[in-house]
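**Student:** Each residue of the sequence shown is one higher than the last, beginning at 1 in my numbering.
All C-beta atoms, glycine included, are put in the ideal place defined by N, C-alpha and C.
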Amino acid sequence: MSRPRYRWWGYIKNVARAYPGLKKVPLDALNRADRRERLAVEAALGAITSLPDGKERRGIVERVLFRRSHTLEGAALAEAVSYMTARRYQGDFIARVAEAMGLL
Numbered sequence: 001m002s003r004p005r006y007r008w009w010g011y012i013k014n015v016a017r018a019y020p021g022l023k024k025v026p027l028d029a030l031n032r033a034d035r036r037e038r039l040a041v042e043a044a045l046g047a048i049t050s051l052p053d054g055k056e057r058r059g060i061v062e063r064v065l066f067r068r069s070h071t072l073e074g075a076a077l078a079e080a081v082s083y084m085t086a087r088r089y090q091g092d093f094i095a096r097v098a099e100a101m102g103l104l
């Protein structure tokens, strides 16, 4: 049986990709939607950073979604984790952002 697909998954990935640009703008200068997205990503980053493997998780997210310098497989190699672990880390991060935005 396959995993269920969520319509918001691509949207949340785009939110995460836009975060580095939103981070450069002062919070009070952002419109309501951009502020909501930025705060959701920051909440998810705070949650994964506090985990025991938070450094690796954040490294995967930064390389794949923020900087877009690596594929998921390349980021897994750079962080010395398996591809499936990197995939799980990225999926967990996306789910945390969705939860912070009230989509999950």
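By the 10 Å Cβ neighbour count, where 16 or more other Cβ atoms means buried, how is residue 101 classified, buried or exposed?
**Tutor:** Under this definition residue 101 is a buried residue.
**Student:** Give a yes or no on whether the C-beta atoms belonging to residue 30 and residue 38 are separated by under 8 Å.
**Tutor:** Cβ atoms of residue 30 and residue 38: closer than 8 Å.
**Student:** Starting from residue 14, follow the alpha helix (DSSP H) in both directions and report where the run begins and ends.
**Tutor:** Residue 14 -> alpha helix (DSSP H) spans 9-23.
**Student:** Give the secondary structure of residue 51 by DSSP, where H, G and I count as helix, E and B as strand, and everything else as coil.
**Tutor:** Residue state, collapsed to three classes: coil.
**Student:** Under the assumption that residue 41 contacts residue 11 (Cβ atoms under 8 Å), give the Cβ distance between them as a whole number of angstroms.
**Tutor:** About 13 Å; that fails the 8 Å criterion.
**Student:** Can you name, in chain order, every residue of its own chain whose Cβ lies under 7 Å from the Cβ of residue 104, other than the five neighbours on each side?
**Tutor:** Cβ neighbours of residue 104 beyond the five flanking positions: 95 and 98.
**Student:** So residue 65 is in the alpha helix (DSSP H); what residue range does that whole segment cover?
**Tutor:** Counting along the chain, residue 65 falls outside any alpha helix (DSSP H), and DSSP gives it neither H nor E.
**Student:** Among residues of its own chain, excluding the 5 on either side of residue 82, which ones have a beta-carbon nearer than 8 Å to its beta-carbon?
**Tutor:** The answer, listed in chain order, is 76.
**Student:** Count the other CB atoms, across all protein chains shown, that sit within 10 Å of the CB of residue 25; report buried if there are 16 or more and exposed otherwise.
**Tutor:** Answer is exposed; the Cβ neighbour count stays below 16.
**Student:** Run through the stretch 71-100 for me and flag every whole beta strand (DSSP E) of 3 or more residues, listed as ranges in chain order.
**Tutor:** Runs of the beta strand (DSSP E) inside the stretch 71-100: none found.
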